[in-house]
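S.K.:
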Amino acid sequence: MSNDQRPDFIDPALLRGLTQRRVSRRDVLKGMGAGAGAMGLTAFLAACGVSGTSKSSPPPSGSPSPDVLKKIYGNGTPAGQLNFANWEAYIDVNSKGKSPTLLQFTKETGIKVSYKTVINDNDPFLAKIIPVLQSGGDTGYDLMVITNGGPVERMIKLGFLTPLDHQYLPNFEANASDAVKNPSYDPGNKYSVAWQSGFTIIGYNSKAVKDKPTSFADLLNPKYKGKVGMFGNNQDLPCAALVYLGKDIQTSTPDDWKKAADVLMKQRNDGIPRSYYDQSYLQALENGDTIISQAWSGDLFIAAAPKSYGGDGFPEIKAAIPGEGGILWTDNQCIPLNAKHPVDAIKFMDFVYQPKIAAQLADFIWYVSPVPAAKDIVLNDIDDPLVAKSPLVFPSADDLAKSHKYKVFKDQAEEDEWNSIFQPIYTS
Amino acid sequence: MVLPGGAWLFVFFLVPILFLASVSLQTGNIFDGFRLTWHFRNYVDAVQLYHVQFLRSLRYASIATAVTIVVSYPLAYWIAFRGGRHKTTFLFLLLLPFFVSFVIRTLAWQFILADDGIVLGPLKRWHLLPQSFHVLATSTAVIAGIAYNFLPFMALPLYVSLERIDRSVVEAAQDLYANKLEVFRRVIFPLSIPGVFAGVLLTFVPAMGDYVNASILGGTKTTMIGNIIQLEYLTNFHYPIAAALSFILMAVLLLGIFVYARVLGTRSIEEYV
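Chain order of the listed sequences is R and A.
The first sequence lines up with residues 1 to 428 when you count with the working numbering.
The second sequence lines up with residues 1001 to 1273 when you count with the working numbering.
1. So, helix, strand or coil for Met1224(A), using DSSP?
2. With 16 as the cutoff for other CB atoms within 10 Å, does Val1263(A) come out buried or exposed?
3. In three-state terms, what does DSSP make of Lys157(R)?
4. Using DSSP's beta-bridge definition, name the partner residues of Ala320(R).
5. Starting from the beta carbon of Pro124(R), find every residue of chain A whose beta carbon is closer than 8 angstroms, and list them in chain order.
6. Check whether the Cβ atoms of Ala319(R) and Gly229(R) sit closer than 7 angstroms, and answer yes or no.
7. Go ahead and pull the three-state DSSP assignment for Gln1110(A).
8. Can the beta-carbon of Leu1201(A) be found closer than 7 angstroms to that of Ala1076(A)?
9. So what does DSSP say about Phe1081(A), is it helix, strand or coil?
10. Compute the beta-carbon to beta-carbon distance between Leu300(R) and Ile317(R), rounded to the nearest angstrom, for a pair I have assumed lies under 8 angstroms.
11. When you compare the CB of Ser206(R) with every CB in chain A, is at least one pair closer than 7 angstroms?
12. In chain R, what lies closer than 8 angstroms to Gln1277(A) by C-beta?
13. Check the C-beta distance from Leu1107(A) over to Ile1216(A) and give it rounded, since I have them as a contact under 8 angstroms.
14. Give the interface partners of Lys1124(A) over in chain R, defined as CB-CB distance under 9 angstroms, in chain order.
15. Can you pull out the residues from the region 1102-1122 of chain A whose beta carbon lies closer than 7 angstroms to at least one beta carbon of chain R?
16. Quick one: grab the DSSP three-state call for Ser197(R).
17. Using 10 angstroms around the beta-carbon of Gln167(R), count the other beta-carbons present and answer buried if the total reaches 16, otherwise exposed.
18. His404(R) by DSSP, collapsed to three states: which one?
19. Helix, strand or coil for Ala413(R) per DSSP?
20. According to DSSP, is Phe231(R) helix, strand or coil?
21. Indicate whether Trp366(R) and Gly298(R) have their beta-carbon atoms separated by less than 7 angstroms.
22. For chain A, find out if any of its Cβ atoms is closer than 7 angstroms to the Cβ of Ser54(R); answer yes or no.
23. Opposite Ile1216(A) in the DSSP bridges: which residues?
24. According to the neighbour-count rule (16 or more other Cβ atoms, all chains shown, within 10 Å of its Cβ), is Gly1219(A) buried or exposed?
25. Thinking Thr1222(A) and Ser1139(A) are a contact (beta carbons under 8 angstroms), I'd like their distance in whole angstroms, please.
26. Going by DSSP, what residue range makes up the beta strand (DSSP E) through Asp331(R)?
27. Are the beta-carbon atoms belonging to Val118(R) and Leu102(R) less than 7 angstroms from one another?
28. If you count every other CB in all the chains shown that lies within 10 Å of the CB of Gly311(R), and 16 or more means buried, which is it?
29. I'd like to know whether the C-beta of Asp411(R) is nearer than 7 angstroms to at least one C-beta of chain A.
30. Using a Cβ-Cβ cut-off of less than 9 angstroms, list which residues of the region 1131-1157 of chain A approach chain R; keep chain order.
31. Since Phe1034(A) sits in a beta bridge, which residues does DSSP pair it with?
32. Of all the beta strand (DSSP E) runs that stay within the bounds of the region 66-123 of chain R, which reach a length of 3 or more residues?
33. Name the chain A residues whose beta carbon is nearer than 9 angstroms to that of Ser275(R)?
34. Closer than 7 angstroms, CB to CB, is Gly288(R) near chain A or not?
35. Distance check for Asp1210(A) and Val1183(A), CA to CA, integer angstroms please.
36. Using alpha carbons as the reference points, say which of Ala1178(A), Arg1041(A), Val1044(A), Val1023(A) lies closest to Phe1034(A).
Below, the structure is given as structure tokens:
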């Protein structure tokens, strides 16, 4: 693939890495207060139980009934307002700082969009809205973008997402790529449709790393001791090691996990990784703190793009798809439970599945577009062959077939076991 | 008088503490909810899983506190005794950087101390440092970051206690033929002990629970207990383990403060002379 691509315009993503997680005690403090004084200590302590969500109807395993959907979406008349929570640098922007896609949506439907880039990371965002949903409230958002491999599944299981009525999603049915239709984490797209996908691959500094990386094994190479960046999370880090060992992520057993953890632990104890990163990995790569790193595909374009195009201006930073295949993840559009404007939200979900709109977004965001038909439009109408031909924006069927997906957990116990094996690598 | 204060303590201290205590003894998961089962095993699990990070936090916080004393004592001394009429200006200058957010300041250090950044880059190019030298992603960086971020919490109480010293006491010592070193050792330092005491408390306690410095300036094996509590709350949704960890942290700190107060806090000046 070519890495010296010249994007037309990319929103600076500097701020993305700037915000760190903060401990939220809201969950703990939730519900305390009134009337506690009257209770005995034991009674009080017992009353402090953190309520689960089983009381709200658990997610049905079958399709939601037409009645339920009718109750949510009525006769499909939008309210005229859409509150959209998204990540930084994750939509198109024109020279005036507005999003052409959102402007067009408002023009065509009359729905006003309040677009907020409030999501810096899945867990802290969900930690903020889960207590609201637990108390039966409305998050203030009608549409939000969250990632598979834990967050989406958790929200589905908690019953905190509004089921989707597919009669309002004709463009999705017609144009969505097979890779995002009927995903294992949300069979039948009952609660989510893809926003964009991305690959976890390898980013490297071509000035310092002379041989182009070809495998996740390059991240273990003692040659790069102390200059390797790894992701400190429960999907990107373990999945890369499993893929390196040739295991299938989904069918892997706890024994495989332990073997993968051994590889990563040895890597750590040999001093090869410099640190375990969140979004800040990109800055570390740009600063020269790391020279080879696990990376998310779209970010590498932002890093390499010249500043005049809104990139970060580090042309030496390049992307390499490991021979084992990249790890594919998907950010999903979901409607939180109790959203005030579900019709407006589902109309927008479908709107972005028109090939023309999808092309406009893909040419800007540089992650994997969920609409393969957008490729020709990017190539011919927008005339941007570099994006259209990039395997990281429009991956070939072969690339997709070779790619791996984030682990889907069958239950909480499995997830806990997985976490207990892999977390000590990056937290001790 | 007791009522408003008592009500305040009850609502904003006692109730949350009891709530936390309850959570730390619960079992369950986020999907089915958590129930109080008096599961004291949570504490055992928390210690077994995370004693390494606990001891590391203790070590980092202690070293960082010692560093802040060494750095801010001369600073506070100079302002208090030599600041003249510009004392307020100097104090303001000391506090100026701290008007910027904690996280942004720490990120600024990440930028300044980058491996090929504006400080290390030139030094490496002139071959004054080996190419592999780095400051970030080490425990030194984390400790230095903590010391830097909590410096005013040490400097200000020190300044106040030094400023309050009656100058005639110092003069009396000089009249009695004490040399400069002895004046400091037998008069000024003992009189500044309350400032050191307050400064250590104000620095050590938040330093022990800090997680920002470790996550921004640290590397592998620099995770502190604050980061673990955050992870258990936000990522793993193990509220009981996180609550137990918070409680252990609080207990360790309270015990430490108690012992420390017994050792240092009640001493009067006679004991130093």
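All C-beta atoms in this analysis are idealised placements derived from N, C-alpha and C, irrespective of residue type, glycine included.
Since we're looking at a predicted model, the values are computed, not measured.
M.R.: Reading off the structure:
1. coil
2. exposed
3. helix
4. Ile202(R)
5. Leu1234
6. no
7. Gln1110(A): helix per DSSP, three-state reduction.
8. Between Leu1201(A) and Ala1076(A), the CB-CB gap reaches or exceeds 7 angstroms.
9. Here Phe1081(A) sits in helix by DSSP.
10. 6 angstroms
11. no
12. No statement about residue 1277(A) is possible, as the shown extent of chain A runs from 1001 to 1273 and does not include it.
13. Here Leu1107(A) really is in contact with Ile1216(A); their C-beta atoms are around 6 angstroms apart, less than 8 angstroms.
14. Within chain R, no residue comes near Lys1124(A); the closest Cβ sits about 10 angstroms away, beyond 9 angstroms.
15. Within the region 1102-1122 of chain A, the qualifying residues are Val1103, Leu1107, Ala1114, Asp1115, Asp1116, Gly1117.
16. strand
17. exposed
18. His404(R) falls in the strand class under three-state DSSP.
19. For Ala413(R), the three-state secondary structure derived from DSSP is helix.
20. Strand, per DSSP.
21. yes
22. Because Ser54(R) sits at a pLDDT of 47, beneath the cut-off of 50, its placement in the model cannot be relied upon, and the point is left open.
23. Ile1216(A) is not bridged to any residue.
24. buried
25. At roughly 5 angstroms, the Cβ-Cβ gap stays under 8 angstroms, so Thr1222(A) and Ser1139(A) are in contact.
26. 327-334
27. no
28. buried
29. no
30. Ser1132, His1134, Leu1136, Ala1137
31. Partner(s): Gly1028(A).
32. 81-87, 112-119
33. Leu1136, Ala1137, Gly1218, Gly1219, Thr1220, Thr1222
34. yes
35. 37 angstroms
36. Val1023(A)
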